[in-house]
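Going by our numbering, 196 is the number at position 196 of the sequence shown; the sequence numbering is gapless. Heads up, the thing below is written out as structure tokens.
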Amino acid sequence: MSRRTLAVVSAGLGRPSTTRLLADQLAAATRDELAGQGVEVDLRPVELRDHAHDVVNNLLTGFPSATLREALDVVSGADGVVAVTPIFNASYNGLFKSFFDVLDSGALAGRPVLIAATGGTARHSLALEHAVRPMFAYLRAVVVPTAVFAAPEDWSGGSAEGALRARIVRAAGELADQVRPRPAAAPPDPFALTTSFDELLAGRDPA
Ligand SMILES: Cc1cc2nc3c(=O)[nH]c(=O)nc-3n(C[C@H](O)[C@H](O)[C@H](O)COP(=O)(O)O)c2cc1C
Numbered sequence: 001m002s003r004r005t006l007a008v009v010s011a012g013l014g015r016p017s018t019t020r021l022l023a024d025q026l027a028a029a030t031r032d033e034l035a036g037q038g039v040e041v042d043l044r045p046v047e048l049r050d051h052a053h054d055v056v057n058n059l060l061t062g063f064p065s066a067t068l069r070e071a072l073d074v075v076s077g078a079d080g081v082v083a084v085t086p087i088f089n090a091s092y093n094g095l096f097k098s099f100f101d102v103l104d105s106g107a108l109a110g111r112p113v114l115i116a117a118t119g120g121t122a123r124h125s126l127a128l129e130h131a132v133r134p135m136f137a138y139l140r141a142v143v144v145p146t147a148v149f150a151a152p153e154d155w156s157g158g159s160a161e162g163a164l165r166a167r168i169v170r171a172a173g174e175l176a177d178q179v180r181p182r183p184a185a186a187p188p189d190p191f192a193l194t195t196s197f198d199e200l201l202a203g204r205d206p207a
């Protein structure tokens, strides 16, 4: 059986968080899909709420703390990424955006990514298409076609929850199809210089 890792990034601020719940369901569905294809998956949750202060400090100083570095390495070293944000003001929230702002440039290039969001109204579901998908396209990720949005009614049981489940299974199948044929990602080299000293002295990676 081959092995792959999946980073499961969630940017919910609540506890408990529907964003985390959606991320976990997407990750489990992808793991089950890949298991059926003979691929064992390690799920690596990255709950951004736990790194919020470090993300802001990284934006101000240009350097991550040790714990944020670990979280960033989980994402850079994963074979696939599930990325879920709550919708704030018709877009991703600031924490989600800032985390991907401090991720090493190029880290997601060619990497399969499943995008998803939670929101207070289904009327904002297209924020995934006008905000989240373009950001990952800019980062040159391979974003799967199905983006999953969950509104409050999708958690209330009945047909809406059944429809959410169907969207989750479809998106997970698409992510599995992208992850399986790719060779397993090499773990990040902690000694690799990704930024020149000139760029470090200037305080920012120019990419
Ligand atoms: C500042 C703020 C702005 C929000 N803006 C929107 C919005 O524009 N559209 C929407 O559907 N929901 C909006 N919401 C609702 C959140 O997206 C929703 O509560 C989210 O699912 C909470 O996720 P969590 O349970 O993981 O904390 C907003 C919430 C906050 C706090």
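Beta carbons: idealized from backbone N, C-alpha and C, even for Gly.
Hey, how far is the Cα of residue i from the Cα of residue j?
i, j, result
"glutamate 14", "phenylalanine 99", "The residue asked about is misnamed: residue 14 is glycine in this sequence, not glutamate. Going from the Cα of glycine 14 to the Cα of phenylalanine 99 covers about 17 Å."
"lysine 97", "isoleucine 87", "11 Å"
"leucine 22", "threonine 118", "8 Å"
"glutamate 174", "asparagine 57", "36 Å"
"aspartate 50", "glycine 38", "33 Å"
"leucine 103", "valine 144", "20 Å"
"valine 148", "isoleucine 115", "7 Å"
"leucine 68", "leucine 108", "17 Å"
"leucine 126", "glutamate 161", "19 Å"
"alanine 71", "valine 46", "6 Å"
"threonine 18", "alanine 186", "32 Å"
"glycine 120", "alanine 151", "6 Å"
"valine 5", "glutamate 40", "It should be noted that the sequence gives threonine, not valine, for residue 5. Between threonine 5 and glutamate 40, the C-alpha separation is close to 8 Å."
"glutamine 178", "serine 2", "15 Å"
"leucine 48", "glutamate 199", "26 Å"
What does residue i pair with, by DSSP beta-bridge criteria?
i, result
"proline 112", "Val142"
"leucine 6", "Leu43, Gly80"
"phenylalanine 197", "Per DSSP, none; premise fails for phenylalanine 197."
"valine 148", "Ala116"
Distance cutoff 7 Å, beta carbons only. Does residue i sit that close to anything in chain C?
i, result
"histidine 53", "The structure shown contains no chain C; it holds only a single protein chain."
Legend entry - Sequence ranges, alpha helix (DSSP H) only - wholly within the region 33 to 104, length at least 4: Whole alpha helix (DSSP H) segments, 4+ residues: 52 to 61, 66 to 76, 94 to 102.
Legend entry - contact_flag[the region 76 to 87, the region 3 to 17] where n(CB pairs < 8 Å) is 3 or more: Pairwise C-beta distances place the region 76 to 87 in contact with the region 3 to 17, as three or more of them are shorter than 8 Å.
Legend entry - beta strand (DSSP E) segments (min. 3 residues) lying fully within the region 146 to 180: Uninterrupted beta strand (DSSP E) stretches at least 3 residues long and entirely within the region 146 to 180 occur at 148 to 150, given in chain order.
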